[in-house]
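Input: a single structure, listed below in structure tokens.
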Amino acid sequence: MEIKKGIGVSPGVVICRAFVLDTEEFPIPERHVDAAAAKGELERLRQAVVDSKRDVVLLRDRMADQIGDETAAIFDFHLRMLDDKVMLRRVRDVVRDQGVTAEHAVATVFRDYAKEYLNMPQFWAERVKDVHDIQKRLLRNLIGQSRATLDHLDRDVALLAHDLTPSQTASLDRSHVLGLATDAGGRTSHTAIVAHALGIPAVVGLKDVTLSVQPGQTVIIDGNRGVVVIDPDEATIAEHRHYVRRLAEMERQLVALRDLPAVTRDGHEITLMGNIEFPQEAATVLEKGGAGIGLYRTEYLYLGSESEPTEQQHYDAYCQAIALAAGRPVVIRTLDLGADKYTQDRALVPERNPMLGLRSIRYCLRNIPLFKTQIRAVLRAALTGPVSLLFPLITNLMELRQAKMIVRDVIEDLEEEGVEFMADVPIGMMVEVPSAALMCDAFAREVDFFSIGTNDLVQYTLAVDRGNERVASLYTAAHPAVLRLIKDVVRAGQRHDVSVSLCGEIASDPEFTLLLLGLGLRVFSIAPPAIPEIKRIIRSVTLEQAMLIARKAMTFDSDKQVTSYLRDQTRRLVPDAF
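Under our numbering, the first residue of the sequence shown is numbered 280, with each subsequent residue one higher.
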């Protein structure tokens, strides 16, 4: 049994067999073969080794022609390993002794090799990349076109991966993926956000969990404590099953709050809305007691498809979400493509620093036909229910004015075409960069509402990549600089009578609820599974208590002081909040 500690990003506990996503981003299923078929698997292995050696020789010769023999000699290590009799015997033994396919045996043995190299002195530890490269080459030649996919799983699994791209996350078979664990990632990586939204227990930032788990092994993923237990013993499994039953009982208690208003003990009503990635999730928001959709992230229309969605596809998705919201408000955010989503995979020359590059509203303003297609669909869908339009990553007034001008152009086009639409859709902007927060008074004169996106606001304020596990400890919304920016935006909204919501992940975190209430926030947009817990905290306190807590928290000069204080105060007022 081995226990690994990471970052819990989506609550819940799952006990399940592991499905390890290979570093090349395709899974190696654990398929068993009988003794008669083992001979065929060994022949497949022999042929894959021959083909892989041929590939390496061709690659080495081509590199020698381009950059010289000395650099091309790095591939000699690959050839030596493919000729290594000990390695080949280990793979053959796994096929015979465990009765599995050749690709499963290769994945098992090479995962062990990678761990061995990582524990060697620096020079040899650096060879782990070569080990991964050889493994991928062998698997390519073994599997060919018969790769299993994440959207066609045939059993319940706990998915383990180095990381998941947004496209992979969007295509998950959510009926079979019961838990997620990744080597990389932080609290607000896209894998974490989607896992939380879907209610899938998840732990990220585990560094090397994919090297430690064999496909098919039993694992426990504890998203509450940020722990993954590999190959647990019976006592540990029994302990966690008891814990699962306790969590289920707590969940049943929270369900009773669904139809109750989110009102503080002294009568102040708070609006709790839900964040969604897919239109069908709108029903989940209402099931959890949400008052509407505070953030509909529409880029997943692109990430889940090989081709650019048409206006009709946009329209159909928005109408589905609006219908499921059953008359509640729906805030549709325009495309937040770029950075780690969509554009870099398709670029001939990927950007060196895409997080600071052509993303979100910048990408849309450079791709006007794409932008207009979405806005047309939003304005048309707005006839079917209350819709607002939200622009992401606005950094200056010119961007906001350009985006609003394009909306006016689309309105003129629809009028000329005689297409029915809603012209007076409220327009808001995300406040997720320091420049927008610092200029919020100027922006407040030009928008109907603000939505604070703390995931990116923290990243850009603290210069910390929110998906990098190496600096995950530095990424915190409790940093005093971040809190002051949030406070400034809320106060600007109050001065100008502009509604302010917060749709970042901290809105879903019970530790921050009292602070946000005390800073004046009255609209929360959160992951649907978190709505009952946040509602319980709101109903347990008075606004005066929250304001006193916020006032004290704002006097601290470190995030650790803030976090410790908020946790203690929340537990004092709501003893079983965590």
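C-beta atoms are modelled at their ideal positions from N, C-alpha and C, and glycine is treated no differently. Quantities reported herein were computed from a predicted structural model and do not represent experimental measurements.
- Taking C-beta separations shorter than 8 angstroms and ignoring five residues to either side along the sequence, the partners of Thr515 in its chain run Met280, Ile499, Val508, following chain order.
- Shown here for Arg375: same chain residues with a beta carbon closer than 7 angstroms to its own, the five before and five after excluded, namely Ala317 in chain order.
- In this structure, Pro494 is the residue among Phe389, Ala386, Leu421, Pro494 with its C-alpha nearest to the C-alpha of Leu438.
- If you draw a straight line from the Cα of Lys831 to the Cα of Ser819, it comes to about 19 angstroms.
- When rounded, the separation of the alpha-carbon atoms in Arg724 and Ala715 is 13 angstroms.
- As for any beta strand (DSSP E) of minimum length 3 sitting wholly inside the segment 624-704, the runs are 666-670, ordered along the chain.
- DSSP places Ala570 outside both helix and strand once states are collapsed to three, so it counts as coil.
- Closest by C-alpha distance to Ser289, out of Asp391, Ile810, Gly502, Asp362, is Gly502.
- Fully enclosed beta strand (DSSP E) runs of no fewer than 3 residues occupy 778-781, 802-805 of the segment 760-839, in order along the chain.
- The beta carbon of Ser787 sits closer than 6 angstroms to the beta carbons of Ile805, Ala806, Ala809 from its chain, once the five residues preceding and following it are set aside; these are given in chain order.
- The C-beta distance from Val666 to Ile706 rounds to 11 angstroms, too long to fall under 8 angstroms, and the pair is not in contact.
- By the criterion of a C-beta distance shorter than 6 angstroms, Ser778 is surrounded in its chain by Phe728, once the five residues flanking it on both sides are discounted.
- Setting aside the 5 residues that flank it on each side, Arg655 is surrounded in the same chain by Glu590, Val689, Leu693, each with a C-beta closer than 7 angstroms to its C-beta; the list follows chain order.
- Between Leu794 and Ala829 a beta carbon distance of about 5 angstroms is seen, short of the 8 angstroms cut, so the two are scored as contacting.
- Only buried fits His469, as 16 or more other CB atoms lie within 10 angstroms of its CB.
- Three or more Cβ pairs closer than 8 angstroms define a contact, and the segment 529-539 meets that threshold against the segment 561-568.
- Secondary structure in the segment 450-515: the beta strand (DSSP E) runs of 3 residues or longer, each lying completely within the stretch, are 456-461, 481-483, 497-501, 506-509 in chain order.
- A Cβ-Cβ separation of about 6 angstroms places Arg466 in contact with Ile286 under the 8 angstroms criterion.
- By the Cβ neighbour-count rule, Lys814 is buried, with 16 or more other Cβ atoms within 10 Å of its own.
- When DSSP states are grouped into helix, strand and coil, Ser331 belongs to the helix group.
- Shown here for Cys295: same chain residues with a beta carbon closer than 7 angstroms to its own, the five before and five after excluded, namely Asp435, Val436, Ala437, Leu457, Gly458, Val498 in chain order.
- Under the DSSP assignment, Met708 falls in the beta strand (DSSP E) whose first and last residues are 706-710.
- Thr550: member of the beta strand (DSSP E) spanning 550-555, first to last residue.
- Per DSSP, Tyr396 has no beta bridge partner at all.
- With respect to the C-alpha of Ser331, the residue from Asn747, Ile282, Ile413 having the closest C-alpha is Ile413.
- The straight-line gap separating the alpha-carbon atoms of Glu695 and Cys719 is approximately 35 angstroms.
- Non-local C-beta neighbours of Pro558 in its own chain, meaning closer than 6 angstroms and more than five positions away in sequence, comprise Ala596, Gln599, Ala600, ordered along the chain.
- Between Tyr392 and the set Leu551, Leu490, Val292, Val769, the nearest pair of CA atoms involves Leu490.
- Looking at the DSSP output, Val609 bridges to Ile572, Val666.
- Rounded to the nearest whole angstrom, the C-alpha separation of Glu784 and Leu418 is 38 angstroms.
- With 16 or more other CB atoms across the displayed protein chains lying within 10 angstroms of its CB, Gln824 is buried.
- Under the three-state reduction of DSSP, Arg296 is assigned to strand.
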